[in-house]
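*Asks:* Take a look at this one; I'll ask things after.
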Amino acid sequence: MTYARLLGTGSYLPERVLSNEALSLTVETNDAWIRSRTGIAQRHLHGAGQTTSDLAYEAALRALQDARLEPDDIDLIVVATTSPDMVFPSTACLLQAKLGVKSGVPAFDIQAVCTGFLYALSVVDQFIRAGSARRALVVGAETFSDLVDWTDRNTCVLFGDGAGAVILGAAEEPGILASRLHADGRYAHLLSAPGKFVQGRFEGTPVVQMDGGAVFKFAVKVLDQVCREVLEACHMTAADVDCFVPHQANIRIIEATADKLGVPHDKVVRTVSQQGNTSAASVPLALDHARRQGLAHAGQNALLAAVGGGFTWGAALLRL
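Using the working numbering, count along the sequence shown one by one with no gaps and you end on 795.
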């Protein structure tokens, strides 16, 4: 039987950094207020003319280098994003061209907001298990700052831009041990960017709207549940988790979820203070950070989890 295994990871953060202090000059907030509620100290923002596919390209190059592969070794590209370069073609197709991946390789986007990377990871796992792909590039990339109202202190302090990428390859031993995905559209009103194109014009509110308290309660509940689902599917417990890589939305959500699961804080990867919430890029950025900082090693069990607007949520257990 064929399985999907992690071959390499890569990440990219734009050069521009916006600190809490700098943000407080344009909106009524301060460093202490932001840190106490979110754990965020700064976030990265894309430069002028820098697109989501540009960020994805840089992360993909680093992942290819880590896997010791060339672009033409890739036979599937999936990009998770909520902030594509354009309505169409997909960001994945644009990335394919920038990388110089050979013509004919399938490439498409997945949109599940902050859970998007886990959705993409699960989909690609099925492609590889079915024999439809041998080496796949999976990217979570966002220029999410374009979806933020920079006068709303309740939301603008949270988000940043970035991209994370992984290479999955066919193997005889399983690398993705289990994954579970969920959604419930009844909660759409709690976290959304309610805008759309109508006859060539944008209507509605194209920026993030959020009920922070409700999102916090829902996130901690479902993250705990879906992580337990994945562990139970593998006949494991939290004690078997060597590295917990949660969505980096808010330090209070991260720590509350770890506490409910019973995962020690020294096994929890945290990048939120330096990156903020990068939506679909959050989990792959944190995974790459964990590997490069020696927080996750080959042969260990890494538990990935995320929740996003929709609501969507999911988890995956990887054998690194």
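We put the beta carbon where it would ideally sit given N, CA and C, even for glycine.
When you compare the CB positions of V641 and L778, do they come within less than 9 Å of one another, or not?
*Replies:* No, these two residues do not count as a Cβ contact at 9 Å.
*Asks:* For S620, does the count of other Cβ atoms within 10 angstroms reach 16, so buried, or fall short, so exposed?
*Replies:* Counting Cβ neighbours within 10 Å, S620 comes out buried, since at least 16 surround it.
*Asks:* I need the boundaries of the alpha helix (DSSP H) containing A497, first residue and last residue.
*Replies:* Taken as a continuous stretch (DSSP letters only), the alpha helix (DSSP H) holding A497 covers N495 to L498.
*Asks:* Helix, strand or coil for W625 per DSSP?
*Replies:* In the structure shown, W625 sits in coil (DSSP, three-state: anything other than H, G, I, E or B).
*Asks:* Report the start-end ranges of each alpha helix (DSSP H) in the segment 648–709 that is 4 residues or longer and not cut off at the edges.
*Replies:* Listed in chain order, the complete alpha helix (DSSP H) runs (minimum 4 residues) inside the segment 648–709 are 687–708.
*Asks:* With a cut-off of 8 Å, do at least 3 Cβ pairs link the segment 523–532 to the segment 720–734?
*Replies:* Output reads no: the segment 720–734 does not touch the segment 523–532.
*Asks:* What are the boundary residues of the beta strand (DSSP E) that D584 is part of?
*Replies:* Segment A582 to I585, the beta strand (DSSP E) holding D584.
*Asks:* Start and end of the beta strand (DSSP E) containing R610?
*Replies:* Per DSSP, R610 belongs to the beta strand (DSSP E) from R610 to E617.
*Asks:* By the 10 Å Cβ neighbour count, where 16 or more other Cβ atoms means buried, how is F677 classified, buried or exposed?
*Replies:* With fewer than 16 other Cβ atoms within 10 Å, it is exposed.
*Asks:* In angstroms with no decimal places, state the Cα-to-Cα distance between S757 and G615.
*Replies:* Cα to Cα, the separation comes out at about 8 Å.
*Asks:* Go through the segment 699–775 residue by residue and report every complete run of the beta strand (DSSP E) that reaches 3 residues or more, in order.
*Replies:* Counting whole runs of 3 or more residues, the segment 699–775 contains the beta strand (DSSP E) stretches 718–721.
*Asks:* From L793 to L643, what distance separates their C-alpha atoms?
*Replies:* Going from the Cα of L793 to the Cα of L643 covers about 11 Å.
*Asks:* Could you tell me which of A663, K577, N752 and A582 sits nearest to S565, measuring between CA atoms?
*Replies:* It is A582.
*Asks:* With DSSP as the reference, please indicate the residues paired to W788 in a beta bridge.
*Replies:* Bridge partners of W788: H657 and V782.
*Asks:* Under the three-state reduction of DSSP, which class applies to Q634: helix, strand or coil?
*Replies:* Per the sequence shown, residue 634 should be read as Phe rather than Gln. Looking at F634 - three-state DSSP - the assignment turns out to be strand.
*Asks:* Going by the CB atoms, is the gap between G650 and A761 shorter than 9 Å?
*Replies:* Taking 9 Å as the Cβ cut-off, A761 and G650 do not qualify as a contacting pair.
*Asks:* Going by DSSP in three states, R512 sits in which element: helix, strand or coil?
*Replies:* Residue state, collapsed to three classes: helix.
*Asks:* Just curious, the beta strand (DSSP E) that V553 is in, first and last residue?
*Replies:* Its beta strand (DSSP E) spans residues L551 to A555.
*Asks:* Give me whichever residues DSSP pairs with Q517 in a beta bridge.
*Replies:* S494.
*Asks:* Would you check if there are 3 or more beta carbon pairs closer than 8 Å linking the segment 536–553 to the segment 574–590?
*Replies:* The answer is yes - the segment 574–590 touches the segment 536–553, with three or more Cβ pairs under 8 Å.
*Asks:* Tell me, which residues are paired with V641 by DSSP?
*Replies:* Paired residues: T484 and V613.
*Asks:* Taking all protein chains shown into account, decide if P489 is buried (16 or more other Cβ within 10 angstroms of its Cβ) or exposed.
*Replies:* Label assigned to P489: buried.
*Asks:* Could you please give me the residues that DSSP links to A479 through a beta bridge?
*Replies:* Note: A479 sits in a beta bridge opposite A645.
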